[in-house]
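The structure under discussion appears below in the form of structure tokens.
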Amino acid sequence: MLFKTAYAATKQSNNSNQSTKSKKTSAKKNAKKTLGNPALNRTDNVHYLEWQEVQSFIKEMQSEHQFPAQQLTQIFDNARYVESAIQLMKPAPAGKPKNWKAYRARFVENGRINSGVLFWNRNLESLNRAENLFGVPAEIIVGLIGVETIYGKNMGGFRALDALCTLAFSYPDTPNRVARMAFFRSELAQLLLWSRDTGTDIYTVKASYAGAVGLSQFMPSSLRQFAIDFDQDGKIDLRESETDAIGSVANYLAKHGWKKGVPYAYPATFTSAEPNVTQLETTLGRGLQATFSLSELKDLVSTSDESAPKQIRYGLIDLQNGEDPTEYWLATDNFFAITKYNRSYFYAMSVIDLGRVVAQTRRIE
Ligand SMILES: [Ca+2]
């Protein structure tokens with residue numbers, strides 16, 4: 001799923017494609033708990049058109065984007081509140097330490113690997129074409145679409161309009177509520193614009209509970225900026241066209257700093273038995289970018305993999321493993337390009353690992 005800016009930071013614990021089952025169960029429990037709270041108990045009785053915030057949004061879309069009032073009135077008259085979107089958006093209970101191995105096991109598993117092999121085999125031509133055009137290897141595109149939606153099995157069946165309207169105007173009471181509502185409000189505007197620009201009936205656009213569309217789970221802003229018609233049939237369809245999704249993912253990564261031929265990451269080990277804690281903390285906290293040469297890092301970490309290129313830059317990342325020791329990796333610009341899709345080391349490493357295992361499985365078969 002493609003979340004940027006405000007939403008992205010919390011994506012790791014909120015991924016719609018993980019633990020859906022347990023979340024649904026807890027969603028039911030939470031729904032019962034909140035019965036007494038009218039603010040959280042809106043269901044079929046929600047008429048967005050009557051809401052002040054919705055009316056200001058409509059005015060904004062009129063003045064800024066010249067939407068006819070009548071059209072917007074009709075759309076918001078038809079927009080429905082989605083209780084499950086609210087429940088699924090609530091943060092997971094805190095307390096459990098992050099666990100990379102457990103996270104990875106949810107994505108790099110037999111069902112997903114086998115679907116990945118089939119997906120790759122039936123999309124050979126598009127994957128090769130995307131790789132040649134954008135420099136993004138097939139295994140990364142395959143890994144990413146697999147992590148996002150299990151190759152289309154898990155794209156979400158909400159109307160994008162309903163999901164985004166709900167999150168833009170009825171977001172649950174969380175510490176980051178204001179920022180999140182602004183984010184979804186903006187995505188709702190992008191959906192309206194995309195629907196108008198492409199002549200798409202807005203009611204037919206299906207999405208995840210968070211408003212992400214298609215095999216690659218693009219948010220509407222990314223649909224408008226980065227989705228492409230890669231099968232050249234005259235329309236962009238990330239839900240029905242695997243080729244469009246493949247091209248769009250490659251285009252997105254290319255536009256977010258992907259460098260052709262650059263590897264992804266190398267396992268790192270400390271060069272001293274007692275690493276300097278301050279140095280470790282400042283080296284880790286360098287954001288989502290590769291800023292160090294191997295020689296600048298050599299007092300702290302190195303990789304035993306001699307194939308790691310010396311002329312490129314690296315960032316040091318940590319993958320926490322619950323009670324077990326944390327893994328450290330030297331990550332390249334291409335690793336960080338994947339984190340532009342979803343700001344999470346776990347996410348990026350799962351994409352890489354799933355793609356790699358699918359590629360290996362294909363070679364064996
Ligand atoms: Ca197309």
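Going by full-length UniProt numbering, the final residue of the sequence shown carries number 365, and the count climbs one at a time with no gaps. Virtual Cβ for every residue (Gly too), placed ideally from N, Cα, C.
- Counting along the chain, Pro-220 sits inside the alpha helix (DSSP H) bounded by residues 220-226.
- Nearest neighbour of Gly-111 by Cα position, chosen from Ala-250, Asn-123, Asn-154, Glu-131, turns out to be Asn-154.
- Burial is judged here by how many other beta carbons sit within 10 angstroms of a residue's own beta carbon; Ile-364 has fewer than 16 and is exposed.
- Collapsing the DSSP output to three states places Ser-302 in a strand.
- At least one heavy atom of ligand 1 lies closer than 8 Å to the C-beta of Gly-234.
- Bridge partners of Trp-100 according to DSSP: none are assigned.
- Distances from the CB of Phe-230 to the heavy atoms of ligand 1 include at least one below 8 Å.
- In this structure, Arg-185 lies away from Met-89, with their beta-carbon atoms at least 9 Å apart.
- Around the CB of Glu-64, fewer than 16 other CB atoms lie within 10 Å, so the residue is classed as exposed.
- Contact check for Glu-53 and Phe-230: beta-carbon distance about 38 Å, past the 8 Å limit, so the pair fails to qualify.
- Cβ contact annotation for Gly-247 (same chain, cutoff 6 Å, sequence separation greater than five): Ala-130, Ile-228, Phe-230, in chain order.
- Distances between the C-beta of Asp-244 and the heavy atoms of ligand 1 include at least one below 8 Å.
- Comparing alpha carbon positions, the residue from Asn-321, Thr-339, Asp-324 closest to Ala-331 is Thr-339.
- Around the CB of Pro-220, 16 or more other CB atoms lie within 10 Å, so the residue is classed as buried.
- In the three-state reduction of the DSSP assignment, Leu-253 falls in the helix class, which pools H, G and I.
- Here DSSP, grouped into helix, strand and coil, assigns Gln-320 to strand.
- When the five nearest sequence neighbours on each side are left out, the beta carbons in the same chain lying within less than 7 Å of the beta carbon of Thr-291 are those of Arg-313, Gly-315, in order along the chain.
- Per DSSP, reduced to three states, the secondary structure at Lys-153 is coil, with no helix or strand assignment.
- The stretch 74-87 and the stretch 205-225 touch, with three or more beta-carbon pairs separated by less than 8 Å.
- Taking the CA atoms as reference points, Gly-285 sits about 48 Å from Gln-74.
- Unbroken alpha helix (DSSP H) stretches of 4 residues or longer found wholly inside the stretch 158-239: 160-169, 177-198, 220-226, given in chain order.
- Closest by C-alpha distance to Leu-319, out of Thr-200, Ala-308, Thr-269, is Thr-269.
- Of all C-beta pairs linking the stretch 322-330 to the stretch 236-256, fewer than three are shorter than 8 Å, placing the two stretches out of contact.
- Beta-bridge pairing by DSSP links Glu-327 to Leu-319.
- Rounded to the nearest whole angstrom, the C-alpha separation of Gly-135 and Phe-76 is 42 Å.
- Asp-237 has its Cβ nearer than 8 Å to a heavy atom of ligand 1.
- Ser-126 has its CB no nearer than 8 Å to any heavy atom of ligand 1.
- Across the set Lys-298, Val-142, Glu-187, the C-alpha of Val-142 shows the shortest separation from the C-alpha of Val-117.
- By the Cβ criterion, the stretch 291-303 is in contact with the stretch 257-273, since at least three pairs of Cβ atoms, one from each stretch, lie closer than 8 Å.
- Judged by DSSP in its simplified three-state form, Ala-105 adopts helix.
- Annotation for Leu-144: Val-249, Val-351 place their beta carbon closer than 6 Å to its own, counting only its chain and skipping 5 residues before and after.
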